[in-house]
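> The sequence shown maps to residues 82 to 398 in the working numbering.
Please find one structure pasted underneath; my questions will follow.
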Amino acid sequence: MKNLGLLLKFFFAFSVVVSCTDEHTVVQQKIESAFSVYFIDGILKFKSVESFTSLVENQDPKAKESFIKFTDQQKNYSSLKKSYQAIKNNNGSRIFAVPEVEIIETNEFLSSLLNEDGMISIGNYNFKVNLERELVFLLLEEHRSQMDDLKNENMNNRNIRVFSTSEDVLWILTEQDYTTSANGRTEICFRGRYANRDEDTGFAYSPFVENVRQDNKVVYQKAGIYFSLQSKTKMQKEGWTGIWGSHEASDQRIRYYADFKPRCQGWINDQGEKVDDGNDNELNYRPYERTRALERYYFEAFFYGGGFWSQGHVIED
């Protein structure tokens, strides 16, 4: 009877573990299904170009917030963002280039899409995005056994193609046969140009309170598979040590004017005022966030926080 009791306890404990594991698996599968993604060899994989495009171009910020939270919770997935946080917590050894740090600190979404090596899989395409070199490396899924060459950017491998981060790579791949030309791809809209990156940053200091300032930025970000016009403001306060840290602000605003032309499309105008009434120190607004590159743009933003407006920040190309 004693042995039977121990056996029953074992089966009860085992059933609880299995039940909890099954419950976690079901929740995980539901979330992965919602985003049409899964993870393979430490790389985030979207099931199709359409599912990736749908998430990137979703105008509901809560969708991207949910996705960021989802990737943060994956124990076996180290995103660019998580890898950088590990470095800051003295738990990592990777060296980050300045362009990578800029993306990590200003774009949680993009730095959650890419793994710690800058890799992502979308449908039949495997990519490595090198933000420092401004290059995108491509390997088709049929050559998945050569993923180490992709990670190492091995240009001796003829199956690896290279694009610029200025090019809208997904559109090129899905809208044309990129294997038909001598340079690896043909051009549709050959008269259209690719916009250059530009940014305008600066601090605006409070005229009313000592040691309080806004940290403001407008920037055109390009990563080959992702493009955005971003405006961002953060409230900061100088501590007694002379170090500037977060400073909560209950009323932050961005007054913006944007004219932009996506490649092979017409001009789009977006203007207005983005208001944040939450108790935070940061406010973002992106009038453009797509998988299609811009041909030209003009973007101007004024920032409000701490009871004062900043001067205008402008980028254009």
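The beta-carbon is built from N, C-alpha and C at its ideal position, and this holds for glycine as well.
Taking the Cβ atom as the reference point for each residue, do ALA309 and GLU370 lie within a distance shorter than 7 Å?
Note on identity: in this sequence residue 309 is Ser, with Ala being the wrong assignment. Yes, the pair counts as a contact, with Cβ atoms nearer than the cut-off.
> Can you look up PHE151 in the DSSP assignment and give me helix, strand or coil?
helix
> Beta carbon of THR314, beta carbon of ASN297: below 7 Å?
yes
> Extract the residue ranges of the alpha helix (DSSP H) inside the segment 193 to 261, only unbroken runs of 4 or more that lie entirely within it.
Within the segment 193 to 261, the runs of alpha helix (DSSP H) that reach at least 4 residues and sit entirely inside it are, in chain order, 228 to 232 and 250 to 256.
> Express the C-alpha separation of ARG214 and SER164 in angstroms, rounding to a whole number.
19 Å
> So who's on the other strand from ASN297, going by DSSP bridges?
As computed with DSSP, ASN297 is found in a beta bridge with GLY283 and THR314.
> For the pair the segment 317 to 332 and the segment 223 to 243, tell me if three or more CB-CB distances fall below 8 Å.
no
> Compute the beta-carbon to beta-carbon distance between THR246 and ALA304, rounded to the nearest angstrom, for a pair I have assumed lies under 8 Å.
Between THR246 and ALA304 a beta carbon distance of about 5 Å is seen, short of the 8 Å cut, so the two are scored as contacting.
> Distance check for GLN302 and SER202, CA to CA, integer angstroms please.
Approximately 20 Å between the Cα atoms of the pair.
> Tell me whether THR187 is buried or exposed, calling it buried when 16 or more other Cβ atoms sit within 10 Å of its Cβ.
Classification for THR187: buried.
> Within its chain, find whatever has a CB closer than 6 Å to the CB of LEU251; leave out the 5 residues flanking it on each side and keep chain order.
VAL130, ILE306 and THR372
> Excluding the 5 residues flanking GLU329 on each side, which residues of the same chain have their C-beta closer than 8 Å to its C-beta?
MET316, ASN360, ASP361 and ASN362
> Could you give the residue range of the beta strand (DSSP E) that holds TYR369?
Counting along the chain, the beta strand (DSSP E) containing TYR369 begins and ends at 363 to 371.
> When you compare only the Cα positions, how much space is there between ARG225 and TYR206?
10 Å
> What are the partner residues of ARG336, as DSSP defines its beta bridges?
The partner list for ARG336 (beta bridge, DSSP) reads GLU354 and PHE383.
> Could you compute how far the alpha carbon of SER287 sits from the alpha carbon of PHE383?
14 Å
> Give me the residue from ILE121, GLY347 and LEU212 with the minimum Cα distance to SER159.
ILE121
> Taking buried to mean at least 16 other C-beta atoms within 10 Å of its own C-beta, is GLY199 buried or exposed?
It counts as buried.
> Would you identify the three-state DSSP class for HIS394, choosing helix, strand or coil?
strand
> Leaving out the 5 sequence neighbours to the left and right, which residues in its chain are closer than 6 Å to PHE341 when beta-carbon positions are compared?
ILE349, TYR369, LEU375 and TYR378
> Given that a residue counts as buried once 16 or more other Cβ atoms are within 10 Å of its Cβ, and exposed if not, what is GLU181?
buried
> Does PHE177 come out as helix, strand or coil in the three-state DSSP assignment?
coil
> Drop a sphere of 10 angstroms on the beta-carbon of PHE284, count the other beta-carbons inside from all chains shown, and report buried for 16 or more, exposed for fewer.
exposed
> Taking C-beta to C-beta, are LEU221 and ILE184 nearer than 7 Å?
No. Outside cutoff.
> Would you mind reading off the limits of the alpha helix (DSSP H) that contains SER135?
130 to 137
> Which one of LEU125, GLU381, GLY388 and SER391 has the shortest CA to CA distance from VAL299?
GLU381
> Pull the bridge partners of LYS126 from the DSSP assignment, please.
TYR119 and SER202
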